Amino acid sequence: MSYLDDIEHLAELDKQYIWHPFTQMKDWLVEKPVIITEGRNSFVKDTYGRWYLDAVSSLWVNIHGHRRKEIDDAAREQLDRIAHSTLLGLGNVPSIGLSEKLVNTLDASFGGLTPRLSKVFYSDNGSTAVEVALKMAFQYWIHKGLPKRQSFLSLRNGYHGDTIGAMSVGSVDIFHAVFQSLLFKTFKAPSPFCYRCELGKSCPDCSLACLREMEKILEVHADEIAAVVIEPIVQAAGGMIVWPEGYLKGVSTLCSKYNILLIADEVATGFGRTGKMFACEHERVVPDIMCLSKGITNGYLPLAVTLSTAEIFNAFLGEFKDLKTFFHGHSYTGNPLACAVAIASLDIFRTDETIVKLKPKSAIIEDKLADMATLPHVGNVRHKGLVAAIELVREKTTKDPYPWEDRIGWKVAYKAREEGVLMRPLGNIIVIMPPLSIGIGDLRHLLEVIKKSIIAVTG
Ligand SMILES: *Cc1c(COP(=O)(O)O)cnc(C)c1O
Numbered sequence: 001m002s003y004l005d006d007i008e009h010l011a012e013l014d015k016q017y018i019w020h021p022f023t024q025m026k027d028w029l030v031e032k033p034v035i036i037t038e039g040r041n042s043f044v045k046d047t048y049g050r051w052y053l054d055a056v057s058s059l060w061v062n063i064h065g066h067r068r069k070e071i072d073d074a075a076r077e078q079l080d081r082i083a084h085s086t087l088l089g090l091g092n093v094p095s096i097g098l099s100e101k102l103v104n105t106l107d108a109s110f111g112g113l114t115p116r117l118s119k120v121f122y123s124d125n126g127s128t129a130v131e132v133a134l135k136m137a138f139q140y141w142i143h144k145g146l147p148k149r150q151s152f153l154s155l156r157n158g159y160h161g162d163t164i165g166a167m168s169v170g171s172v173d174i175f176h177a178v179f180q181s182l183l184f185k186t187f188k189a190p191s192p193f194c195y196r197c198e199l200g201k202s203c204p205d206c207s208l209a210c211l212r213e214m215e216k217i218l219e220v221h222a223d224e225i226a227a228v229v230i231e232p233i234v235q236a237a238g239g240m241i242v243w244p245e246g247y248l249k250g251v252s253t254l255c256s257k258y259n260i261l262l263i264a265d266e267v268a269t270g271f272g273r274t275g276k277m278f279a280c281e282h283e284r285v286v287p288d289i290m291c292l293s294k295g296i297t298n299g300y301l302p303l304a305v306t307l308s309t310a311e312i313f314n315a316f317l318g319e320f321k322d323l324k325t326f327f328h329g330h331s332y333t334g335n336p337l338a339c340a341v342a343i344a345s346l347d348i349f350r351t352d353e354t355i356v357k358l359k360p361k362s363a364i365i366e367d368k369l370a371d372m373a374t375l376p377h378v379g380n381v382r383h384k385g386l387v388a389a390i391e392l393v394r395e396k397t398t399k400d401p402y403p404w405e406d407r408i409g410w411k412v413a414y415k416a417r418e419e420g421v422l423m424r425p426l427g428n429i430i431v432i433m434p435p436l437s438i439g440i441g442d443l444r445h446l447l448e449v450i451k452k453s454i455i456a457v458t459g
């Protein structure tokens, strides 16, 4: 027995050494932490041997469940060859295999549509995938002889990661306000958030009204804007905001009209989460640049890709001395272990028929959300595929929110934890984001626990 098998001691060591992300450590230091030791399918086990339903998919990354044999095997096989070798000036086998598979997957999703995403740039996480996209778009216009295009247009309630560039195109005040003076200036258009429409419209006009606001910015500033940056269909960390139909298509049309690149950040929505392989498929929109990460390795290893069109790639071709090279790269870019695991994860979509099997699950969520919508403190429910949100309000008629200091979302989450369900709210919003492979019975149980927990906390 190692000293790490002593459960109480482990908790002490965690508190002594670890600074947890997005966590008020003063609270953490007095709480009893849940420390995970194992996982299996949609469940994770803690040091006390308790099993929990993983309703956050280990922070939105798990698609096919924990300990998938095919993926475990792929990691072991790759370990027997090599764990890491750089992509700077060298190739490696799994990164080649994964690129081909990804481009084929995109072709299957968007076949025949334009533009075509055919070039794969690797990095390590969602934030870096976005940084790469921003720098790529910025430099692209320099090569095209339009160097004034130095800014970006993004949406309020958008979230694109925590690095400085990603925060600059983001707009979730609670995360970003303190860093405001560090960020570069970008243009912000309204978020098509129907429940709390900032333009005060009622649906279905709001989609058009939001697009009109975006166009007003483009009319004046198009020649300063390199790209429009969006999270297509669902703005995730900003509150699981599900867009009204037609809005995404409208953004894409505006980008074409003003000759501006469209960057789709599918870090949260990619790999089936919204019911299609990629969220852009819902409106048959192909962006010029697409960012993918979270689900890409089924949560096994950190990996991200930024996909671009050949048109963008070709703009960087030139004589060595012209310095048209894309000067960006990370030490772990194209990590072979991560790529091998990602290939195995992509294959499971076919063998499990993951996307087809989402339909009945999505229908169950829809039914149960309609039921929860009648609760006195549920202001709004929204969902797409296997992501759902329940927004709790103090006063239903006025949509008056609970003060965020009340931590109403966390109270519900802790209640659910007692019932064996692990989830992580976004402020007053209860988020339902289980692995796509979750069993029907487990999904029903999860929804029931959430309903009971909301009633227990809000009455
Ligand atoms: C999570 C997320 C990111 C950031 O990804 P990290 O891997 O956490 O850096 C970027 N964009 C979207 C849409 C996300 O949901």
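The sequence shown begins at 1 in my numbering and counts up one residue at a time.
Cβ atoms here follow ideal geometry from the backbone N, Cα and C, with glycine treated the same way.
Here the structure is a predicted model, which means the values were calculated and not measured.
Who are the near neighbours of residue i in its chain, counting only those whose CB is closer than 8 Å to its CB and skipping five residues on each side?
i, result
"F326", "F121, K135, M136, Q139, F316"
"L88", "G329, T333"
"E198", "R156, P190, S191"
"W404", "I174, G427, N428"
"W28", "K15, H20"
"D54", "G39, S42, F43, V44, N62, H66, L422, P434, P435"
So, helix, strand or coil for residue i, using DSSP?
i, result
"G65", "coil"
"G200", "coil"
"W410", "helix"
"K399", "coil"
"V132", "helix"
"K368", "helix"
"L422", "strand"
"S181", "helix"
"I438", "coil"
"Q24", "coil"
"H221", "helix"
"E281", "helix"
"V381", "strand"
"S331", "coil"
"L88", "coil"
"S118", "strand"
"D5", "helix"
"D352", "coil"
"Y159", "coil"
"D322", "helix"
Can we count residue i as close to ligand 3, meaning its CB is less than 6 Å from some heavy atom?
i, result
"V267", "The model on display carries ligand 1 but not ligand 3."
Going straight from the alpha carbon of residue i to that of residue j, what length do you get?
i, j, result
"L262", "D6", "52 Å"
"V393", "P376", "9 Å"
"I440", "L447", "11 Å"
"E319", "L113", "32 Å"
"L98", "N335", "11 Å"
"D107", "G420", "40 Å"
"A236", "A388", "10 Å"
"E100", "V93", "11 Å"
"E353", "D400", "42 Å"
"V56", "R284", "28 Å"
"A177", "T351", "45 Å"
"P435", "W410", "21 Å"
"M372", "I96", "47 Å"
"L422", "D46", "11 Å"
"Y48", "A268", "31 Å"
"K361", "T274", "12 Å"
"I450", "V132", "38 Å"
For ligand 1, is there a heavy atom less than 6 Å away from the beta-carbon of residue i?
i, result
"D231", "One point to set straight first is that residue 231 is Glu, not Asp, in the sequence displayed. True, at least one ligand heavy atom lies under 6 Å from that Cβ."
"G161", "yes"
"G126", "yes"
"A236", "yes"
"S293", "yes"
Tell me which residues share the same chain as residue i and place their Cβ nearer than 6 Å to its Cβ, disregarding the 5 neighbours each side in the sequence.
i, result
"C255", "V228, L262"
"Y195", "N380"
"V242", "V234, R382, K384"
"Y159", "G170, V172, A237, G238"
"A209", "L199, K201"
"F278", "S109, E266, G270"
For residue i, which residues of its own chain have a beta-carbon under 7 Å away from its beta-carbon, when the five flanking residues on both sides are left out?
i, result
"E224", "K148, R149, Q150, S151"
"D124", "P302, L303, A304, H330, Y332"
"M25", "W19"
"T398", "none"
Which residues does DSSP pair with residue i in a beta bridge?
i, result
"E38", "K45"
"F187", "L153"
"A304", "S123"
"E391", "N380, I429"
"Q235", "I241"
"A264", "I230, M290"
"T309", "L117"
Does the beta carbon of residue i sit closer than 7 Å to a beta carbon anywhere in chain C?
i, result
"K148", "Included in the structure is just one protein chain, with no chain C present."
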